[in-house]
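Some notes on the structure that comes next.
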Amino acid sequence: MSTIAMGHAGTDAAPAEKKGLWSWITTVDHKRIGILYGVTAFLFFLLGGLEALLIRWQLGAPDKTFLSPEAYNQLFTMHGTTMIFLGVMPLSAMFFNYFIPLQIGARDVAFPRLNAYSYWVFLFGGLVLNASFLFNAAPDMGWFAYANLTSKQFSPGLNVDFWIIGLQILGVASLAAAVNFFVTIINLRAPGMKMMRMPMFVWMSLITQVLLLLAFPIITVALVLLMLDRNFGTHFFVPSGGGDPVLWQHLFWLFGHPEVYILILPAFGVVSEILPVFSRKPLFGYAAMVFSGCFIAFLGFGVWSHHMFATGMGPMADTVFSLGTMLIAIPTGVKIFNWIGTVWGGSIQFKTPMYFALGFVAMFIIGGLSGVMHASPPADLQQTDSYFIVAHFHYVLFGGSIFALTAGAYYWFPKMTGRMLSESLGKLHFWLMFLGFNLTFAPMHILGLNGMPRRVYTYSAGMGFEFWNAVETAGSLILGFSFLVFIINILKSLRSGAVAPADPWHGATLEWSIPSPPQEWNFAVEPTVDGRDPLWEERRKAGGTLPEPARVSGAGIHLPSPSYWPIITAFGTAMTLVGFLMHVTLWVILAGVAITMLGIFSWAFEPADH
Amino acid sequence: MDAQVATHEHAHPGPALYLRVAVILFVMTALEVLAFEVSHRAGWPMHALVEPLLNEILIILSAAKFALVAMFYMHLKQDSKIFSGLFVFPLIIAAVLIVALLLLFSYLRLLHPAA
Amino acid sequence: MAHDTAHAMHPPTATGLDTRKLAIWTFIGSECLFFATLISNYLVYKGHSLVGPLPHETSQCMLHGQMSTCEPIFEIPLVTFGTAVLLFSSFFVVLALNGAQHGNRKKLIGWLSATVVCGLFFVGMQVYEFTHFYHKGLGYTTNLFGSSFYTLTGFHGTHVTLGVIWLATVLVLAIRGKLPPEKSLNLEIAALYWHFVDVVWIVIFPVVYLMR
């Protein structure tokens, strides 16, 4: 319950370097939690990638029987669900965790134990969701789970229930983390770091937390209603009882649309960090970037039914949502022009992070263009549920989020590990990924416009889909291989990569002012800031170079103690929700509640420093 | 610190104000129920006036109660505007959500009458 | 605020505001959307139930195994009383906080106990009301009205229950003398949550029980 004490005077011994499994289980250090998120998310991402490769193998030729329709349905549902909730979101969380405190000059987040709790709940949620495979009951109804396919009548198995419970658990993790990061950014900024001096990554992360806080409660309710329909006999989405399946779509997309901004805004933030550093030029139009980010988030709550143009809402609703969707293109365009303006006239450093960041800009523009096309209801009536949509969202989510997060990984790997990644392997990774990505997803525009529907496990010969599907499958193999190159780069560099200095890239922000990797307390002395790009300012004042920061003893610095209550409470939370999964087992629910309550009380009354 | 205390004591409401707020809340609740009862009884005085406006009356009264509790009991009136912002912004989104869904579903009913 | 004598002990924050108070308001903001969605669900389905019982009209419904005429199900006097009790509980907790901030242990314990009792009474009233409705033919799955009503008020009642547990915990701390003025923020945060729960009911009461 205590906030972090900064530079607490005292005779405490220097915090000991923590090692071993127990130190990871009880850690409350934001950097370690960031690494936990990153490793876990990357593994889930690879799993989602494997699911995609299986899908592509099945679609590589017409009338293939590699996958049954049932298996195919599970794979594409889990691919989407995994990539969104267990891939992109926690990968972003890795960067939120590691770099928000560093960039604002803090020693940790506002609530370190709550931070740990969020990670463990996320892990348990991901495990529960994937445990469905063990029961041959992986979710199979599409990641957006439209009613009334999801009713007990049409989905009698546990597939939908696993999805509901998995997402509810993950939702708890997201909400807890969102409160934590929101308060951290608002309240723990170092002296002099006014809001309009914050790094753009911090701004975009702040807006993302607001979206999380406002959107997740909506899906929480929607999931509860669906669960009640399936297991308690209500008729919220069941027509025979008066319910309306379209209400599910509204509730889901009221969450789902802000969710896509949750997926892309951190990526925007990362790219807004990298482009200036590798152009040796400040970000163009800082204020416009902030306001356009806020505007996108706000408007993002008003466009959800552009996912529902085919549901017969009527011309009034269609028009309102169409206009709103087109309007969102404006602040997005502002950002793109500002990124170009940042790079324009700069001294471009062609390093791997820059490759991926520039690749992001190009791919995201393409994804945005197809998005604007969907904004027209008449056009969307042909595009919806076709591969044209699949092309769009992969260009913005992979070409956008994943390219940007990969850029961030290459950018921040030296800081997190103290090693440099190989430039040559990095560039190889980039070109393979760029080639593989475009080969896989560009042809989907053509297939979609030619009428290939989504979510079909095969297609007949002679429909004109064969050639491009084969190309896409080949592309996906190249894409998959590119990740092998990435993994090899990571493993090799961890072992024998060049030792990284504090500031290998000539960075502008505070994380580059401390050793790589940082010491547990981050900053030996709390930084004071008097402008944007504080490190560039410092370097300028020092005449061009700054000395390598020394590793200090850390004596007298007070850090929050490790604790095992977060993981216990997380277990209780997951157990409570899992109790609703299998025939609603009351004792499991009650035991889960008891463990959660025990965890919360022990946590609340645990002395802050023991 | 003393100057701070002085100005804060001056601005800080005491139990007397809180009691007044409580009484007003109670009276408003009574008015809500009264409006409800009047609108359901054709013979009662003011029925013709209240009945078509029942929902509007209820919205206004409940909004006023909401504001009183938020401003005085939750202390938003005296506290930093940041807290008010943290409450008001989600309330706006919440209101938009409720209104939008009501519009969408009443329109649906108009265009596609229930079978 | 005059009563935040504890500021010297905590490091200064970027806004000058207490981090935990900021956190509870952030959480409350998020909860607004949670209840807005439940209220929307209730309103969207208002008037669309296929069978009774209904809130304000007589209807046909299943009672004891056969279709009969059912009376409107709401009993306004009882729920009005419960509403008043909840409103007064907000008043009481403010008095308790006032006592805590001024180091008046008797006021703190007295009014906080009253708050907890009111909260328990409210939950009790709801349990009684739900049981009563059930016997009048309104089960959870009987119709859209029942489903959306019980879900909305059930979640609210759960929030009230959790609030009662929270306040009772703070009460125990107060009785043990562990709530001096410097620690009054602990009660203030619990009280903010409690007021929020009250404020949600201020919306639910007219929307569900009184509106046409």
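Residue numbers (the working numbering), protein chains in the order written: chain Z, 2 to 611; chain L, 94 to 208; chain U, 70 to 281. Cβ atoms here follow ideal geometry from the backbone N, Cα and C, with glycine treated the same way.
Where Z:Ser-241 falls, given that 16 or more other Cβ within 10 Å makes a residue buried: By the neighbour-count rule (16 or more Cβ atoms within 10 Å), Z:Ser-241 is not buried but exposed.
Minimum Cβ-Cβ distance from L:Leu-142 to chain U less than 8 Å: No, L:Leu-142 lies away from the interface with chain U (no Cβ there is under 8 Å from its Cβ).
Z:His-258 to L:Ala-187 span [Cα, whole Å]: For Z:His-258 and L:Ala-187, the distance between alpha carbons rounds to 16 Å.
Chain U contact for L:Glu-149 (CB, 8 Å cutoff): No - not a single Cβ of chain U is within 8 Å of the one on L:Glu-149.
Inter-residue Cα distance where the pair is U:Trp-180 and U:Val-266: Roughly 18 Å separates the two Cα atoms.
Length of the line joining the Cα atoms of Z:Val-56 and Z:Ala-392: A small correction: the amino acid at residue 56 of chain Z is Ile; Val does not occupy that position in the sequence shown. Each residue's Cα considered, the two are about 15 Å apart.
N-terminal and C-terminal residue of the alpha helix (DSSP H) that Z:Thr-41 is part of: DSSP places Z:Thr-41 inside the alpha helix (DSSP H), whose first and last residues are 31-60.
Alpha-carbon spacing of Z:Ala-111 relative to U:Val-272, whole angstroms: C-alpha separation (whole angstroms): 32 Å.
Chain-ordered residues of the segment 296-316 of chain Z with a beta carbon less than 8 Å from chain L: Of all residues in the segment 296-316 of chain Z, only Phe-302, Gly-303, Ser-306, Gly-313, Met-314 and Gly-315 place a beta-carbon less than 8 Å from a beta-carbon of chain L.
Run of the alpha helix (DSSP H) containing Z:Met-453, from where it starts to where it stops: That residue, Z:Met-453, is in no alpha helix (DSSP H); it is neither H nor E in DSSP.
is_contact[Z:Leu-1, chain U] using C-beta, thresh 8 Å: Nothing in the structure corresponds to residue 1 of chain Z, since chain Z is present only between 2 and 611.
Reference U:Phe-190; option with closest CA among U:Ser-217, U:Val-233, U:Asn-173 and U:Gly-208: Among U:Ser-217, U:Val-233, U:Asn-173 and U:Gly-208, the Cα nearest to that of U:Phe-190 is on U:Val-233.
Alpha helix (DSSP H) runs contained entirely in the segment 187-256 of chain U, provided each spans 4 or more residues: As far as the segment 187-256 of chain U is concerned, its whole alpha helix (DSSP H) runs of at least 4 residues are 213-244.
For Z:Met-417, three-class secondary structure by DSSP: In the structure shown, Z:Met-417 adopts helical secondary structure according to DSSP, grouped into three states.
Interface residues of the segment 245-265 of chain Z facing chain L [CB-CB below 8 Å]: Shown in chain order are the members of the segment 245-265 of chain Z whose Cβ falls below 8 Å from a Cβ of chain L: Asp-245, Val-247, Leu-248, His-251 and Leu-255.
Contact with chain Z by U:Gly-29, beta-carbon distance below 8 Å: Because chain U is modelled from 70 through 281, residue 29 of chain U falls outside the range shown and cannot be assessed.
Terminal residues of the alpha helix (DSSP H) in which L:Thr-122 lies: Where L:Thr-122 is concerned, the enclosing alpha helix (DSSP H) stretches over 108-133.
Z:Gln-210 beta carbon less than 8 Å from that of Z:Ala-139: Not in contact: Z:Ala-139 and Z:Gln-210 (Cβ atoms no closer than 8 Å).
Near-chain Z residues of the segment 118-149 of chain U (beta-carbon distance less than 8 Å), N- to C-terminal order: Hits within the stretch, in order: Ser-118 and Leu-119.
Beta carbon proximity, L:Ile-175 to chain U, threshold 8 Å: At least one beta carbon of chain U lies nearer than 8 Å to the beta carbon of L:Ile-175.
Same chain only: Cβ atoms within 8 Å of L:Thr-100, ignoring 5 sequence neighbours per side: Because L:Thr-100 carries a pLDDT of 42, less than 50, the predicted location of this residue cannot be relied on, and the following value inherits that uncertainty. Here the set comprises nothing.
CB contact flag (Z:Thr-151, Z:Leu-227, <8 Å): Contact check for Z:Thr-151 against Z:Leu-227 passes: the beta carbons are separated by less than 8 Å.
DSSP state of Z:Gln-75 mapped onto helix, strand, coil: Here Z:Gln-75 sits in helix by DSSP.
Inter-stretch contact at 8 Å, needing at least 3 Cβ pairs: the segment 51-70 of chain Z / the segment 29-37 of chain Z: Segments in contact, no.
Segment contact, 8 Å Cβ cut-off, at least three pairs: the segment 75-86 of chain Z with the segment 31-43 of chain Z: Taking one beta carbon from each stretch, the segment 75-86 of chain Z and the segment 31-43 of chain Z have fewer than 3 pairs nearer than 8 Å; the two do not touch.
Residues that DSSP places opposite U:Cys-139 in a beta bridge: Assignment of beta-bridge partners to U:Cys-139 by DSSP yields U:Ser-128.
Any chain L beta carbon closer than 8 Å to U:Asn-212: Not one chain L Cβ lies under 8 Å of U:Asn-212.
Extent of the continuous alpha helix (DSSP H) run through U:Trp-94: If you look at U:Trp-94, you'll find it in the alpha helix (DSSP H) that goes 88-114.
Same chain only: Cβ atoms within 7 Å of Z:Met-194, ignoring 5 sequence neighbours per side: Ile-105, Gly-106 and Val-530, listed in sequence order.
Proximity test, Cβ basis, 8 Å: L:Ile-186 and chain U: It does: the Cβ of L:Ile-186 has a partner Cβ on chain U nearer than 8 Å.
Where Z:Val-500 falls: helix, strand or coil (DSSP): If DSSP states are grouped into helix, strand and coil, Z:Val-500 belongs with the strands.
Contact under 8 Å by Cβ, Z:Ser-461 with Z:Pro-63: Yes, the Cβ-Cβ distance between Z:Ser-461 and Z:Pro-63 is below 8 Å.
Chain-ordered chain Z contacts of U:Thr-88 [CB-CB under 7 Å]: Near U:Thr-88 (Cβ distances below 7 Å), the residues of chain Z are Thr-4, Ala-111, Val-184 and Asn-188.
Chain L contact for U:Thr-84 (CB, 8 Å cutoff): Using a Cβ-Cβ cut-off of 8 Å, U:Thr-84 counts as an interface residue toward chain L, since at least one Cβ of chain L sits closer than that to its own.
Other residues of its chain near Z:Ala-408: CB distance less than 7 Å, five sequence neighbours each side excluded: Excluding sequence positions up to five before and after Z:Ala-408, its CB lies within less than 7 Å of the CB of Val-271, Val-272, Ile-275, Pro-354, Phe-357, Ala-358 and Phe-361, all in the same chain and listed in chain order.
For L:Ser-155, the three-state DSSP class (helix, strand or coil): DSSP places L:Ser-155 in helix when its eight states are reduced to three.
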